[in-house]
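Worksheet: the structure to be examined is printed underneath.
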Amino acid sequence: MDTFETLFTRVTAEIFSPITAAYALAAIGLNIHFGLTGLLNMGQAGFMLMGAYGFAITTIAGWPLWASVLAAVGSAVVFAVILGIPTLKLRGDYLAIATIAAAEIVRLVGRSTALTDVTGASNGLLGNAFKHTFIGASPFGEGRLTIGLWTYAISASNSWWLRLVGWLLVALAALLVWRLVTSPWGRVLKGIREDEDAVRSLGKNVFAYKMQALILGGVMGALGGIIFVLPQAVQPDSLGRPVTFYVWTILILGGAATVLGPVLGAVLFWVSLSLITNVMEMVVPSSFMTDPQIENFGWVIVGVTLMVLIIFRPQGILGDRKELAIDVR
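To convert, count from 1 in the sequence shown and add 286; that's this note's numbering.
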């Protein structure tokens with residue numbers, strides 16, 4: 287019973303963990319890019335890293351919490367404009383290549399030893415250097431709190447306070463997307479996704495709408511980047527190419543062009559991975575497979591499962607195949 291309770295506690299903790307919330311925010315942003323507008327953005331991790339750096343660097347410099355959050359949002363906006371001006375006229379694979387290259391540039395610049403005093407280079411920025419303003423903003427006390435089976439600090443970095451803020455942001459982002467989907471602006475984005483030439487023939491500035499979508503989705507990614515680094519540190523390699531592919535997986539799993547698809551996908555993705563790895567750690571002898579090997583094997587199983595999902599239900603769990611921006615057949 288104790289073993290089952292431990293397993294249940296670990297797995298269900300992923301439902302409301304900060305990492306799950308961070309990926310849900312990033313996937314909501316990607317949903318604006320791809321699900322609504324049809325932009326094949328393969329650089330969402332770049333927006334997350336820009337947000338993380340913008341928040342951490344300004345906090346270390348002594349800025350208050352609200353100003354650091356605005357700096358993170360502003361850095362995502364600037365990155366979106368710089369990225370969008372030369373690339374938004376590209377279509378399909380060309381845009382995907384350009385965006386993944388841009389995200390890699392952000393990561394490599396963050397790793398540069400020339401910016402060690404600013405970004406920490408490959409070592410990154412330690413969490414204790416930039417978490418104090420967020421912790422200080424908590425209206426709750428110190429110590430630890432147990433709710434049900436889960437016990438966390440009340441206001442520290444990996445805390446109930448962070449979980450509350452993270453999932454409140456997810457709820458607000460999902461509400462915003464819902465309003466956008468039903469608005470004239472959202473309908474124009476869907477028209478661009480289906481046939482941008484037809485939308486352009488109606489007198490709409492397609493480039494401007496694409497830029498707005500890129501900026502808005504990038505801001506969501508930047509907010510996800512802040513939530514992602516608050517429990518740990520800002521390390522450029524932790525927000526590299528794999529993160530973008532995880533966000534895409536989450537979006538496709540839950541269903542693109544849906545309001546709650548990215549949220550459901552994030553929860554299922556991390557719960558499934560936690561379930562697989564924890565069960566294997568309990569039943570597989572360490573002499574046969576080490577913990578790192580079990581973790582890697584867990585990714586393999588998740589990957590194969592998602593391949594099967596793409597083959598038999600490419601629209602995802604909540605999605606509608608008619609809403610797909612590309613034909614996956």
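Don't be surprised by glycine CBs; every beta carbon is placed ideally from N, CA and C.
What is the DSSP secondary structure of residue i, reduced to helix, strand or coil?
i           : result
residue 436 : strand
residue 431 : strand
residue 424 : coil
residue 465 : helix
residue 600 : coil
residue 292 : helix
residue 571 : coil
residue 490 : coil
residue 545 : coil
residue 326 : coil
residue 611 : Low per-residue confidence applies at residue 611: pLDDT is 48, beneath 50, and the placement is therefore not dependable, though the value from the model is reported in the following sentence. If DSSP states are grouped into helix, strand and coil, residue 611 belongs with coil.
residue 304 : helix
residue 452 : helix
residue 333 : helix
residue 341 : helix
residue 352 : helix
residue 417 : coil
residue 558 : helix
residue 499 : helix
residue 398 : coil
residue 526 : coil
residue 321 : helix
Roughly how far, in whole angstroms, is the beta-carbon of residue i from the beta-carbon of residue j, given that I think they are within contact range, below 8 Å?
i           : j           : result
residue 334 : residue 529 : 7 Å
residue 329 : residue 386 : 5 Å
residue 305 : residue 556 : 7 Å
residue 318 : residue 559 : About 25 Å separates the two Cβ atoms, so there is no contact after all.
residue 374 : residue 500 : 7 Å
residue 314 : residue 463 : 6 Å
residue 519 : residue 378 : The pair is not a contact, with the Cβ atoms about 36 Å apart (cut-off 8 Å).
residue 320 : residue 542 : 6 Å
residue 492 : residue 478 : 6 Å
residue 551 : residue 362 : Actually they are not in contact, since the Cβ atoms of residue 551 and residue 362 sit about 22 Å apart, beyond 8 Å.
residue 308 : residue 510 : 4 Å
residue 535 : residue 488 : The pair is not a contact, with the Cβ atoms about 35 Å apart (cut-off 8 Å).
Between the options, which has its C-alpha nearest residue i's C-alpha?
i           : options               : result
residue 273 : 422, 442, 423 and 421 : With the chain covering only 287 through 615, there is no way to say anything about residue 273.
residue 326 : 570, 493, 484 and 384 : 384
residue 296 : 571, 410 and 565      : 565
residue 332 : 571, 312 and 499      : 312
residue 513 : 359, 324, 491 and 464 : 359
residue 616 : 366, 453, 351 and 292 : Residue 616 is absent from the structure shown; the chain starts at 287 and stops at 615.
residue 348 : 310, 316, 444 and 420 : 420
residue 547 : 291, 288, 289 and 322 : 322
residue 516 : 504, 445, 395 and 404 : 445
residue 366 : 506, 594 and 592      : 506
residue 522 : 449, 339, 413 and 310 : 339
residue 545 : 574, 538, 489 and 460 : 460
When DSSP builds the beta bridges, which residues end up paired with residue i?
i           : result
residue 411 : 520
residue 445 : 439
Does the ligand PLP have even one heavy atom less than 7 Å from the beta-carbon of residue i?
i           : result
residue 317 : Summarising the ligand content, the structure contains no ligands, and the ligand PLP is consequently not present.
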